[in-house]
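For reference, each letter of the sequence shown is one residue, going 6 to 328 in the numbering used here. All C-beta atoms, glycine included, are put in the ideal place defined by N, C-alpha and C. These figures come from a predicted structure and were not determined experimentally.
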Amino acid sequence: CIEENRILRRICPGSFEENDGLFVAVTDEDMDYLEPFLKGCAECGIPTQVLSPAEALALEPNLNPAVKAAVRVPDATMDAMRMPLRFFATAKHHGARILPFTEVLDLLVHDRVVSGALVRDHVTGAEREIHADVTVNATGPWSEKIARMAGVDVPIRPSPGVLLALRGRLCNMVLNRLHRSGDGDIIVPQRGLSVVGTSSWTVDDPDDLGVPEDHVRKMYEEGAKLVPAVAHAEQRAAWSAARPLIGSRGEAETGRELSRTFKTFDHATSDGVEGFVTITGGKGTTLRGMAELCANVVCGKLGIEAECRTRETVLLPHTAYYA
Ligand SMILES: Cc1cc2nc3c(=O)[nH]c(=O)nc-3n(C[C@H](O)[C@H](O)[C@H](O)COP(=O)(O)OP(=O)(O)OC[C@H]3O[C@@H](n4cnc5c(N)ncnc54)[C@H](O)[C@@H]3O)c2cc1C
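Spelled out as structure tokens, the structure:
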């Protein structure tokens, strides 16, 4: 994650607020987590700086005045629209064709070989087949559903979370509670908003999520333990979305037990179905690394030998997508 964090800052200059982050202890239990947290960061090569309450409050005056200690780490707020658009723009200018509003209705499967997909253009309503040497399933929490069209299984558990956007920038750094990942323990400033996240549960269908009212309340309650002004901030929006977590059904209740790791499945090897690869799991931060892993598998299948260049290639600006 930290390596990808550094690569993304290098190849997407201007698409991040390079604001760093604070992990903030507000209770004695949080303080108990300080040593294991510092040890874990050291093992992962993440630089840390322990701050006194006065130092933390000087950086973030809206922090809970009961702050007991804070740890500064390299962090950043990603522009979740513009950063992915830069990947699309760069791919497009290298010859990729991008088909928005186009849904895969089914995969074309014959004799355990996938040779493309049947798609519907939701603008024109037209349906057509697209043929391919290799078809990649990169549909996140929907990847199990798409894999089933080829008669194979991928162990994905869709795990939604509720996010709450509040009007106003209540902090400038990414603020986290210094404890094991839990509900409402992160506040991310983005332009004129502060986004409080998140809860975590598991579902069977990534299209059937809802925004449970008690989760929204929890975001207010827990967020206010980091920054008291959260309690009275005006709500701009509350929504939910599903993470694609790797794990079998029945393995997890809340999703927090499941790893944020990612995996590529060559279904020729795992299921005897040729021409079909799934890349899934991961985090937003690891998107480039996931693509590298998957492209290596696809190149191997097609007999292409080429070095991956996406660690070094600076992406076109998001505006180039429309050019
Ligand atoms: C609440 C929440 C908080 C998160 N917080 C963080 C964070 O702080 N840091 C971080 O790094 N990551 C975070 N993530 C994780 C990150 O957002 C996901 O890991 C990432 O979006 C998954 O990327 P993906 O491309 O695999 O899937 P998605 O982004 O879900 O994309 C899947 C795509 O497949 C498309 N699709 C599905 N079915 C079809 C079909 N039949 N035909 C055509 N297209 C189809 C969908 O429309 C969608 O565009 C968070 C996620 C959630 C939900």
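Classification of residue i by the beta-carbon crowding that lies within 10 angstroms, buried from 16 upward
i           : result
residue 129 : exposed
residue 277 : exposed
residue 151 : buried
residue 118 : exposed
residue 88  : buried
residue 70  : exposed
residue 102 : exposed
residue 176 : buried
residue 149 : buried
residue 98  : exposed
residue 383 : The first residue shown for the chain is 6 and the last is 328, placing residue 383 beyond what the model contains.
residue 35  : buried
residue 226 : exposed
residue 115 : exposed
residue 291 : buried
residue 127 : exposed
residue 228 : buried
residue 80  : buried
residue 328 : exposed
residue 41  : exposed
Cβ-Cβ distance between residue i and residue j below 8 Å
i           : j           : result
residue 171 : residue 238 : yes
residue 286 : residue 267 : yes
residue 193 : residue 82  : yes
residue 288 : residue 17  : no
residue 91  : residue 322 : yes
residue 61  : residue 27  : yes
residue 201 : residue 189 : yes
residue 296 : residue 315 : yes
residue 166 : residue 199 : no
residue 307 : residue 139 : yes
residue 29  : residue 68  : yes
residue 299 : residue 284 : yes
residue 245 : residue 280 : no
residue 163 : residue 208 : yes
residue 74  : residue 58  : yes
residue 49  : residue 78  : no
For residue j and residue i, believed in contact at Cβ under 8 Å, the rounded distance
i           : j           : result
residue 112 : residue 154 : 4 Å
residue 174 : residue 156 : About 50 Å separates the two Cβ atoms, so there is no contact after all.
residue 76  : residue 54  : 7 Å
residue 39  : residue 183 : 6 Å
residue 25  : residue 224 : With a Cβ gap of about 23 Å, residue 25 and residue 224 do not count as contacting.
residue 146 : residue 247 : 4 Å
residue 243 : residue 221 : 5 Å
residue 265 : residue 9   : That belief does not hold up - the Cβ atoms of residue 265 and residue 9 are roughly 12 Å apart, past 8 Å.
residue 4   : residue 132 : As shown, the chain starts at 6 and ends at 328. That puts residue 4 outside it, with no answer to give.
residue 94  : residue 326 : 4 Å
residue 120 : residue 137 : 7 Å
Beta-bridge partners of residue i, as assigned by DSSP
i           : result
residue 134 : 123
residue 67  : Residue 67 is not bridged to any residue.
residue 141 : 282
residue 26  : 78 and 179
residue 83  : 21
residue 270 : 283
residue 105 : Beta-bridge pairing links residue 105 to no other residue.
residue 7   : In the DSSP output, where bridge partners are listed per residue, residue 7 has none listed.
residue 166 : 246
residue 199 : 171 and 194
residue 56  : 75
residue 118 : 115 and 279
residue 161 : 251
Min CB distance residue i to chain B below 8 Å
i           : result
residue 315 : Any reference to chain B falls outside this structure, which holds one protein chain only.
Ligand 3 heavy atom lying under 7 Å from the CB of residue i
i          : result
residue 53 : This structure does not include ligand 3; its bound ligands are ligand 1.
### Query
Around ligand 1, which residues pass a check of Cβ closer than 5 Å to any of its heavy atoms?
Screening all residues for a C-beta within a distance smaller than 5 Å of any heavy atom in ligand 1 leaves 108, 109, 144, 145, 147, 166, 203, 246, 248, 288, 289 and 290, in chain order.
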